[in-house]
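Below: one structure, written as structure tokens.
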Amino acid sequence: MKKKNDLKGWLYLLPALLFIGVFMIYPLIDVLIYSVEEGYNFASQQYYGIGTYNYSYVLHDPYFLQALKNTFILVIITVPLSTGIALVISLALNSVSKLKDLFQTIYFLPYVTNTLAVGLVFMILFKKTAYSEGLINLLLNGFGIASIDFIEGPYWAKMFVLCFYTIWVVLPFKILILTSALASVNKDYYNVARVDGTSKWRTFYKITLPMISPSLFYLIITGFIGAFKAYSDVVALFGTDLNAAGMNTIVGYVYDMLYGNSGGYPSFASAAALILFLIVLTITMINLMVSKKNVHYR
Amino acid sequence: MKIVLDHLTKKFISRHNKNEIVTAVNDFDFEIPDGKLVGLLGPSGCGKSTTLNLICGLETPTSGRIFFGDLDVTELPPESRGVGMVFQNYALYPHLSVRQNILFPLENLKGDQKLSKEVMEQKALEAARLVQIDSLMERKPNELSGGQQQRVAIARALVKTPGVLLLDEPLSNLDARLRLQTREQIRRIQKETNITTIFVTHDQEEAMSISDLIVVMSAGVLQQMGKPQDVYNEPVNLFVAKFLGTPAINVFEGCIKDRGLYIGEDLIGHRDIEDQEVYVGIRPEAFDPDQNGPFRCRFDRVETTGRDTSIVCHNDHCISDEDVRAIVSADEPIAHKDGIIRFSLKQNKVHVFSKKDEKVIR
Numbered sequence: 002m003k004k005k006n007d008l009k010g011w012l013y014l015l016p017a018l019l020f021i022g023v024f025m026i027y028p029l030i031d032v033l034i035y036s037v038e039e040g041y042n043f044a045s046q047q048y049y050g051i052g053t054y055n056y057s058y059v060l061h062d063p064y065f066l067q068a069l070k071n072t073f074i075l076v077i078i079t080v081p082l083s084t085g086i087a088l089v090i091s092l093a094l095n096s097v098s099k100l101k102d103l104f105q106t107i108y109f110l111p112y113v114t115n116t117l118a119v120g121l122v123f124m125i126l127f128k129k130t131a132y133s134e135g136l137i138n139l140l141l142n143g144f145g146i147a148s149i150d151f152i153e154g155p156y157w158a159k160m161f162v163l164c165f166y167t168i169w170v171v172l173p174f175k176i177l178i179l180t181s182a183l184a185s186v187n188k189d190y191y192n193v194a195r196v197d198g199t200s201k202w203r204t205f206y207k208i209t210l211p212m213i214s215p216s217l218f219y220l221i222i223t224g225f226i227g228a229f230k231a232y233s234d235v236v237a238l239f240g241t242d243l244n245a246a247g248m249n250t251i252v253g254y255v256y257d258m259l260y261g262n263s264g265g266y267p268s269f270a271s272a273a274a275l276i277l278f279l280i281v282l283t284i285t286m287i288n289l290m291v292s293k294k295n296v297h298y299r
Numbered sequence: 009m010k011i012v013l014d015h016l017t018k019k020f021i022s023r024h025n026k027n028e029i030v031t032a033v034n035d036f037d038f039e040i041p042d043g044k045l046v047g048l049l050g051p052s053g054c055g056k057s058t059t060l061n062l063i064c065g066l067e068t069p070t071s072g073r074i075f076f077g078d079l080d081v082t083e084l085p086p087e088s089r090g091v092g093m094v095f096q097n098y099a100l101y102p103h104l105s106v107r108q109n110i111l112f113p114l115e116n117l118k119g120d121q122k123l124s125k126e127v128m129e130q131k132a133l134e135a136a137r138l139v140q141i142d143s144l145m146e147r148k149p150n151e152l153s154g155g156q157q158q159r160v161a162i163a164r165a166l167v168k169t170p171g172v173l174l175l176d177e178p179l180s181n182l183d184a185r186l187r188l189q190t191r192e193q194i195r196r197i198q199k200e201t202n203i204t205t206i207f208v209t210h211d212q213e214e215a216m217s218i219s220d221l222i223v224v225m226s227a228g229v230l231q232q233m234g235k236p237q238d239v240y241n242e243p244v245n246l247f248v249a250k251f252l253g254t255p256a257i258n259v260f261e262g263c264i265k266d267r268g269l270y271i272g273e274d275l276i277g278h279r280d281i282e283d284q285e286v287y288v289g290i291r292p293e294a295f296d297p298d299q300n301g302p303f304r305c306r307f308d309r310v311e312t313t314g315r316d317t318s319i320v321c322h323n324d325h326c327i328s329d330e331d332v333r334a335i336v337s338a339d340e341p342i343a344h345k346d347g348i349i350r351f352s353l354k355q356n357k358v359h360v361f362s363k364k365d366e367k368v369i370r
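As you go down the protein sequences, you meet chains A and B in turn. To convert, note that position 217 of the first sequence is 218 in the working numbering; the numbers rise steadily by one, no gaps. To convert, note that position 274 of the second sequence is 282 in the working numbering; the numbers rise steadily by one, no gaps.
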């Protein structure tokens, strides 16, 4: 009797299992296999041996190290800043009563705009050409600061544009999540706090923040993962030859290894992809451990 | 602390129609003596909670003054009024333990009022002991029953020893058995601390059973205030008479003719007032089955619920309900002839109200 039920259970699970197996588990295993096959040739589908050479190659590749550095800088700057700014804006939105809907719509607009289109607009804003200085440079000149080539100039300028752009793109979603989280906090908590004479700061720190902590935590985790996987934004700003621009990211490196000008190396690409996977996994685990103490689910 | 409401009025702009003004509290004028437990009673939406919020300071009145003792607190923010408030849903901070919840108001104190850690712990423990939750200090609110949560909320409101304790529908979220227990607890806590306490309820039985005084209100207007039994025995108008008492009072159309009080053809009593059409309210316990009694009804059935035996019958002049309900002693035989049952009536349980303004005529 029990056996029969087990079989039935698996049958019910079959569609989902098939789907996950074909589109998630098989590719994952395949990537793992690719990453340990040394000297794999795309055309002949042959390899010389099995080992860790691909990992060692990738980890010694200056382009990969540059991509790693870029990605980490991007993550460390944009995740805390964008979440913090989103929280400030949401708090402000939550406290205004007039025109609240209008402001919410305005803040949400960038979310429905195409990433590449926004990237192009940013490039036009920041780019310096032989014919024009770019809008931002004109503004800088107005303050008496010399023009900076943000798109093809020094590394810090390019990084600044990338971070600025990333923060701007992820803000609307974060604001949306946080405003709804703030709105769902029962007003009675604030009334009790008022009757008890709680200061504004303490109310925020002791009541508001713990109440919205699940949403905040969700944004931080997805923010980390999203920033680690950055690629299309970088292409929109700096074009496809990212290694030359020194602005490649890990995902960009993987893509280049597969399809770029120097491409055709699925083994290197797989090794790089697995390294990224391990990094994201580690960070997420750390996040989860920290959250156990500080996130309060109701 | 004595609380005086001086011609207090609160108007809101209607939520549905911006041009409409809703008067939630209309010209409230009464005094609550020190150390009493007062029930603010009325149907849903009659302005009870608004009154409570005005006293607490969460709402500011449109006109009128509020005094705590001799101090005018109308302009004071809630934190300066020295009130403790318990909300209907308790509003315990879910991420804090019982201890932290009770400590919260104390930790807010600043400047000269700031307390040392030991004193705070001591006070929190005292408050917890008072409401008998001192064994649950480390639990989170969601690990407590409704009644326990309620008591934590009361402890939190009491920990700063406020001059006034306000409870908004304190029992409405509890099941029937807990409600009985908790209302006794509230009574006990109030007597032990002797803090002037106002609680809001729409349940007349709840208000009647534990209050020193009840304040009956309807549609923002104060109807009657007094000791529960006095208000029950001598309602000033038809609304109060109908609102208090279960089963509800039976209301009939009647008239006064030559000093006689008639319902239909039946002369049921005498009143020294001029001839007019009136409403007659008769409490269910006023009926005595009596073969020679003056008041006739068509017999329907006898219902026994627990210790009460009630006779359900019909009368064409009854307007409160289809049925006339009479609560009688279970020992008496219930005799009826040809479907007609006769009652004599206890005159102090029969109230006569003017048809014009529904006020009592004595």
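The beta carbon of each residue, even a glycine, is placed where N, CA and C say it ideally should be.
(message) Would you say the beta carbon of Ile348 of chain B is closer than 8 Å to some non-hydrogen atom of the ligand ATP?
(response) Judged by which ligands are present, the structure shown has none, so any question about the ligand ATP falls away.
(message) With three or more beta-carbon pairs closer than 8 Å as the criterion, would you say the region 103 to 114 of chain B touches the region 139 to 150 of chain B?
(response) Under the Cβ criterion (8 Å, minimum of three pairs), the region 103 to 114 of chain B counts as touching the region 139 to 150 of chain B.
(request) Assign Lys56 of chain B to one of two classes, buried (16 or more other C-beta atoms within 10 Å of its C-beta) or exposed (fewer than that). (result) Numbered from 1 along the second sequence, position 48 holds the residue referred to as residue 56 of chain B. Flag for Lys56 of chain B reads buried.
(message) Quick check on the burial criterion: 16 or more other C-beta atoms within 10 angstroms. Buried or exposed for Glu192 of chain B?
(response) Here residue 192 of chain B refers to the residue found at position 184 when the second sequence is read from its first residue. Around the beta carbon of Glu192 of chain B, a 10 Å sphere encloses fewer than 16 other beta carbons of the protein chains shown; the residue is thus reported as exposed.
(message) Check whether chain A comes within 9 Å of Glu128 of chain B, counting only Cβ atoms and requiring the distance to be less than that.
(response) As a first step, residue 128 of chain B is located in the second sequence; it is residue number 120 there, counting from the start. Note that residue 128 of chain B is Met in the sequence shown here, rather than Glu. The C-beta of Met128 of chain B comes no closer than 9 Å to any C-beta of chain A.
(request) Could you check what DSSP says for Gly261 of chain A in three-state terms: helix, strand or coil? (result) The residue labelled residue 261 of chain A in the question sits at position 260 within the first sequence. When secondary structure is reduced to three states using DSSP, Gly261 of chain A falls in the coil class, being assigned neither helix nor strand.
(request) Give the residues of chain B in contact with Asp234 of chain A, contact being defined as C-beta atoms less than 8 Å apart. (result) Here residue 234 of chain A refers to the residue found at position 233 of the first sequence. None at all; the shortest Cβ gap to chain B is about 36 Å.
(message) Quick check on Val291 of chain A - is its C-beta less than 9 Å from some C-beta in chain B?
(response) Working through the first sequence from its first residue, we reach residue 291 of chain A at position 290. Taking CB atoms only, Val291 of chain A has no neighbour in chain B less than 9 Å away.
(request) Anything in chain A within Cβ reach of Asn8 of chain B, meaning under 8 Å, just list it in chain order. (result) Summary: the structure shown does not reach residue 8 of chain B, with chain B confined to residues 9 through 370, and so no result is reported for it.
(request) Taking 9 Å as the cut-off, decide whether the C-beta atoms of Ile206 of chain B and Leu66 of chain B are in contact. (result) In the second sequence, counting from the first residue as 1, residue 206 of chain B sits at position 198. In the second sequence, counting from the first residue as 1, residue 66 of chain B sits at position 58. Pairing Ile206 of chain B with Leu66 of chain B gives a Cβ-Cβ distance that is not under 9 Å.
(message) Against chain A, does Met9 of chain B count as a neighbour if the rule is that its beta carbon must be under 9 Å from one of theirs?
(response) Here the question's residue 9 of chain B lines up with position 1 in the second sequence. Not one chain A Cβ lies under 9 Å of Met9 of chain B.
(request) Could you round the C-beta distance between Ile208 of chain A and Tyr190 of chain A to whole angstroms and report it? I think they count as a contact, below 8 Å. (result) In the first sequence, counting from the first residue as 1, residue 208 of chain A sits at position 207. In the first sequence, counting from the first residue as 1, residue 190 of chain A sits at position 189. About 6 Å separates the two Cβ atoms, so the contact holds.
(message) Going by C-alpha to C-alpha distance, which of A:Leu92, A:Pro173, A:Phe109 and A:Ile125 sits closest to Gly224 of chain A?
(response) Within the first sequence, residue 224 of chain A is the residue found at index 223, counting from 1. Comparing alpha carbon positions, the residue from A:Leu92, A:Pro173, A:Phe109 and A:Ile125 closest to Gly224 of chain A is A:Pro173.
(request) Can you give me, in chain order, the residues of the region 50 to 70 of chain B that have a beta carbon less than 9 Å from any beta carbon in chain A? (result) Here the close residues are Asn61, Cys64, Gly65 and Leu66.
(message) Distance check for Leu186 of chain B and Ala161 of chain B, CA to CA, integer angstroms please.
(response) Sequence index remark: in the second sequence, residue 161 of chain B carries index 153 (1-based). Sequence index remark: in the second sequence, residue 186 of chain B carries index 178 (1-based). Spanning the two alpha carbons is a distance of roughly 16 Å.
(request) Anything in the region 96 to 107 of chain B with a Cβ closer than 7 Å to a Cβ of chain A? List those residues in chain order, please. (result) Taking 7 Å as the Cβ-Cβ cut-off against chain A, the residues of the region 96 to 107 of chain B that qualify are Asn97, Ala99, Tyr101, Pro102 and His103.
(request) Starting from Asn249 of chain A, find everything on chain B with Cβ-Cβ shorter than 8 Å and list it in chain order. (result) Sequence index remark: in the first sequence, residue 249 of chain A carries index 248 (1-based). Listed along the chain, the chain B residues whose CB falls inside 8 Å of the CB of Asn249 of chain A amount to none; the nearest CB is some 43 Å away.
(message) So if DSSP puts Leu48 of chain B in a beta bridge, which residue, or which two residues, is it bridged to?
(response) On the second sequence, position 40 is the one that residue 48 of chain B refers to. Answer is B:Val208 and B:Val223, bridged to Leu48 of chain B.
(message) Whether or not the region 35 to 48 of chain B and the region 14 to 24 of chain B are in contact is what I'm after, with contact meaning three or more pairs of Cβ atoms, one per stretch, closer than 8 Å; do they touch?
(response) As far as the Cβ criterion goes, the region 14 to 24 of chain B touches the region 35 to 48 of chain B, which means the pair count is three or higher.
(message) Considering only the alpha carbon of each residue, which of A:Glu134, A:Ile152, A:Tyr156 and A:Glu153 lies closest to Ile146 of chain A?
(response) Within the first sequence, residue 146 of chain A is the residue found at index 145, counting from 1. Nearest option by C-alpha distance: A:Glu134.
(message) Between the alpha carbons of Val94 of chain B and Ser328 of chain B, how many angstroms are there, rounded?
(response) Walking along the second sequence from the start, residue 94 of chain B turns up at place 86. Walking along the second sequence from the start, residue 328 of chain B turns up at place 320. Whole-angstrom Cα-Cα distance: 36 Å.
(request) Inspect the beta-carbon positions of Leu100 of chain B and Arg164 of chain B and report whether they are closer than 9 Å. (result) For this step, residue 100 of chain B is matched to residue 92 along the second sequence. For this step, residue 164 of chain B is matched to residue 156 along the second sequence. In this structure, Arg164 of chain B lies closer than 9 Å to Leu100 of chain B by Cβ.
(request) Show which residues of chain A have a CB atom less than 7 Å away from the CB atom of Phe112 of chain B. (result) Working through the second sequence from its first residue, we reach residue 112 of chain B at position 104. Those are Asp197, listed as they occur along chain A.
(request) Would you kindly report the start and end of the unbroken beta strand (DSSP E) that includes Pro297 of chain B? (result) Numbered from its first residue, the second sequence carries residue 297 of chain B at position 289. Annotation for Pro297 of chain B: the continuous beta strand (DSSP E) segment containing it runs Phe295 to Pro297.
(request) With Tyr191 of chain A as the anchor, note down where its alpha helix (DSSP H) starts and where it stops. (result) As a working mapping, residue 191 of chain A is identified with position 190 in the first sequence. From DSSP, the alpha helix (DSSP H) with Tyr191 of chain A extends over Lys188 to Val196.
(message) Quick check: Ile177 of chain B and Val208 of chain B, are their CB atoms within less than 9 Å of each other?
(response) In the second sequence, residue 177 of chain B corresponds to position 169, counting from 1. In the second sequence, residue 208 of chain B corresponds to position 200, counting from 1. The sequence given here has Glu at residue 177 of chain B, not Ile. In contact: Glu177 of chain B and Val208 of chain B (Cβ atoms closer than 9 Å).
(request) Write down every uninterrupted run of the beta strand (DSSP E) in the region 155 to 217 of chain B whose length is 3 residues or greater and which is fully enclosed by it, in chain order. (result) Taken in chain order, the whole beta strand (DSSP E) runs of length 3 or more contained in the region 155 to 217 of chain B are 172 to 176 and 204 to 209.
(request) State the DSSP-derived secondary structure class of Leu13 of chain B, mapped to helix, strand or coil. (result) For the purposes of this step, residue 13 of chain B is taken as residue 5 along the second sequence, with counting starting at 1. Here Leu13 of chain B sits in strand by DSSP.
(request) Check whether the Cβ atoms of Tyr166 of chain A and Val119 of chain A lie closer than 9 Å to each other. (result) On the first sequence, position 165 is the one that residue 166 of chain A refers to. On the first sequence, position 118 is the one that residue 119 of chain A refers to. Taking a C-beta distance under 9 Å as the contact criterion, Tyr166 of chain A and Val119 of chain A qualify as a contact pair.
(message) Spatial neighbours of Ile251 of chain A within its chain, please: C-beta separation below 6 Å, excluding the five flanking residues on both sides.
(response) One-based indexing of the first sequence puts residue 251 of chain A at position 250. Taking Ile251 of chain A as the centre and dropping the five residues before and after it, the same chain places the C-beta of Ala68, Thr72 and Leu277 closer than 6 Å to its C-beta, in chain order.
(request) Look at Leu163 of chain A and Val235 of chain A and say whether their C-beta atoms are less than 9 Å apart. (result) Reading the first sequence from its first residue, position 162 is the one you call residue 163 of chain A. Reading the first sequence from its first residue, position 234 is the one you call residue 235 of chain A. A distance below 9 Å separates the beta carbons of Leu163 of chain A and Val235 of chain A.
(message) Using the three-state DSSP reduction, which class does Lys250 of chain B fall into: helix, strand or coil?
(response) Translated into positions along the second sequence, residue 250 of chain B becomes position 242. The DSSP-derived three-state label of Lys250 of chain B is helix.
(request) Assign Tyr132 of chain A to one of three DSSP states: helix, strand, or coil. (result) As a working note, residue 132 of chain A is residue 131 in the first sequence. Three-state DSSP puts Tyr132 of chain A in coil, outside helix and strand.
(request) Decide if Arg309 of chain B is buried, meaning its Cβ has at least 16 other Cβ atoms within 10 Å, or exposed. (result) Position 301 of the second sequence holds residue 309 of chain B. So Arg309 of chain B counts as exposed.
(request) Starting from Val236 of chain A, follow the alpha helix (DSSP H) in both directions and report where the run begins and ends. (result) The residue given as residue 236 of chain A occupies position 235 in the first sequence. Counting along the chain, Val236 of chain A sits inside the alpha helix (DSSP H) bounded by residues Ser233 to Phe239.
(request) Closer than 9 Å, Cβ to Cβ, to anything on chain B: give me those residues from the region 101 to 123 of chain A, in chain order. (result) Within the region 101 to 123 of chain A, no residue has a Cβ that lies closer than 9 Å to any Cβ of chain B.
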